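Under my numbering, the first residue of the sequence shown carries the number 1, and numbering increases by one thereafter. Every residue, glycine too, gets a C-beta built ideally from N, C-alpha and C. This one's a predicted model, so the numbers in the text were calculated from it and none came from an experiment. These notes concern the structure reproduced below.
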Amino acid sequence: MIGFVLISTNIGIKNVPNGATYYKTLERQLQQLQERFDGLAVVDEDSKCSPTKSVAFAKTHKTGSSTLQNILFRYGVQHELNFALPKGGWMFSFKEPFNADMVLEGPFKGLDFNLFAFHSVWNYAQMQRVLPHAKYLTLLRDPTECFESNYVYMGLSAVYKMDFNEFAQKKALAGLVRKPKSIIGKNQQLWDLGLNDTAMENRTLVMQKIRDLDRQMDLVLIMERFDESLVLLSDLLCWPIDELSYLKQNERITTKKTNITQETRKIMRKWLWADYMLYDYFKAELNTKLRKLKSDYVRQRLQELSAAKNMVTRACVIQKSDNSKLTGEFKMALPIVLGYVIDETKPWCAIFARSEPNFSKQIRDYQELKLKGEQLKGKIP
């Protein structure tokens, strides 16, 4: 086997002396020969792809979407991109499909937007008005796990006055339907992606929605294969894999997680058949995409991502904690989820651990500075 090391650099070819250019060419030839021997596809610094600067993320409830949102937020801030923001707060309306006027007539009217990464009810046609040339993404999770997380996090256990397993036996088994205009409920992922309560009970319309999403989305990530999904995302967007490192966001404390019984899982799979059609379809699509890549390449990329994640954790995290030990920008929206006590002597760590509401507010403030023409470097460390 031929051994060599590729070292990334920001120096352009035109600035490299002729001798260095010669050795770079030789290095590339050695790399190609290496690939013939072991089938390892290596993406080097001379890859012809250019980083994507326009991304729209259809953010779904309780799928790990806040973790992906944090990745997108960080990239947008660090590369001084423009965010399509709600007129207020950190979410668009859940009661109606997204409309471009929610952004285009807002306080940042006139900006050329690059990133959309906030909760909304997905509307492809309207998103085309805001980000017509973006890469479109969404994230799905096993529907039983997703609904259980919503059930606890959104307080449905208090509404129904029963725990999740009892809900499955008494409500789901009886065929409870989603209430019209309900923000949280049955088949939440399809709802978030724009299918109404009536249509989600019709198998033909559900399948049509899945086909529509398959055409609209450049990548559907799967929570249960999140890191593998990020490998595909890195390739799709031409973003360095280390910039996709993360600290898990909004993870519930142990006492707020349900021990889901096998009987409950059987009931929920039948009750949430529509969300399972969606999930199973795109999980299979993700697996197909991964199989098309060489296994050594995927393994290498996962190792790189794991190393980047471990570096952030070791360097930054003092402790995972609920809100009792969190302060300021790290305090979470609800006390039942975990955040991070961060080593504040390292300013670069903060951006990984900010809560969604606080990060969203800082992005809004950052964008106001941009409109005023102020220098942005360092405004959000």
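Shown here for Ser149: same chain residues with a beta carbon closer than 6 Å to its own, the five before and five after excluded, namely Lys62 in chain order. Around the beta-carbon of Val159, fewer than 16 other beta-carbon atoms lie within 10 Å, marking it exposed. Residue pairing by DSSP puts Ser321 in a beta bridge opposite Gly339. In this structure, Leu272 is the residue among Lys266, Gln216, Lys256, Leu272 with its C-alpha nearest to the C-alpha of Asn202. Separation of Phe73 and Thr264 (C-alpha to C-alpha, rounded to the nearest whole angstrom) is 36 Å.
Taking a cut-off of 8 Å for Cβ pairs, the stretch 180-195 and the stretch 114-130 touch, as three or more such pairs fall below it. Boundaries of the alpha helix (DSSP H) harbouring Phe164: 164-167, taken from the DSSP string. In this model, Arg252 and Gly339 are separated by some 9 Å (Cα to Cα). The residue from Leu237, Leu232, Glu145, Leu293 with its alpha-carbon nearest to that of Tyr75 is Leu237. With fewer than 16 other CB atoms across the displayed protein chains lying within 10 angstroms of its CB, Ile318 is exposed.
Beta-bridge pairing by DSSP links Phe359 to no other residue. With three or more CB-CB distances shorter than 8 Å, the stretch 304-320 counts as touching the stretch 243-250. Under the three-state reduction of DSSP output, Arg252 falls in the strand class.
DSSP places Lys170 in no beta strand (DSSP E); its state is neither H nor E. With contacts defined as CB atoms closer than 8 Å, Arg301 and Val231 qualify as a contacting pair.
Excluding sequence positions up to five before and after Val298, its CB lies within less than 8 Å of the CB of Glu228, Val231, Leu290, all in the same chain and listed in chain order. Between Phe98 and Gln69, the C-beta spacing is not below 8 Å. By the neighbour-count criterion, in which 16 or more other beta carbons inside 10 Å mark a residue as buried, Asn287 falls on the exposed side. Beta bridge pairing from DSSP links His119 with Lys59, Met91.
Between Pro180 and Asp163, the gap from beta carbon to beta carbon reaches 8 Å or more. Under the three-state reduction of DSSP output, Lys346 falls in the coil class, being neither helix nor strand.
Looking from the CA of Ile336, the closest CA among Phe282, Tyr153, Gly175, Thr345 belongs to Tyr153. In this structure the stretch 322-332 touches the stretch 350-358; the number of beta carbon pairs closer than 8 Å is three or more.
About 18 Å separates the beta carbon of Gln208 from that of Tyr136, a gap too long to meet the 8 Å contact definition. Residue pairing by DSSP places Thr288 opposite no residue, since no beta bridge is assigned to it.
Put simply, the backbone Cα of Tyr151 is about 6 Å away from that of Ser157.
Under the three-state reduction of DSSP output, Phe83 falls in the strand class. Counted as a single uninterrupted DSSP element, the stretch harbouring Ile184 is not any alpha helix (DSSP H), since DSSP gives it neither H nor E.
Here the alpha carbon of Gly106 sits roughly 10 Å from the alpha carbon of Ala100. Membership of Ile222 in the beta strand (DSSP E) is indicated by the continuous run 219-222. In the three-state reduction of the DSSP assignment, Tyr246 falls in the coil class, being assigned neither a helical nor a strand state. In the assembly as shown, Cys146 is a buried residue. Its beta-carbon has 16 or more other beta-carbons within 10 Å.
For Lys135, the enclosing beta strand (DSSP E) has its first and last residue at 135-140.
Nearest C-alpha to Ser93 among Glu243, Lys59, Ser234, Lys325: Lys59. Secondary structure at Lys179: coil, using DSSP grouped into helix, strand and coil.
Short of 6 Å from the beta carbon of Leu195, and not among the five residues preceding or following it, lie these beta carbons of its own chain, in chain order: Lys209.
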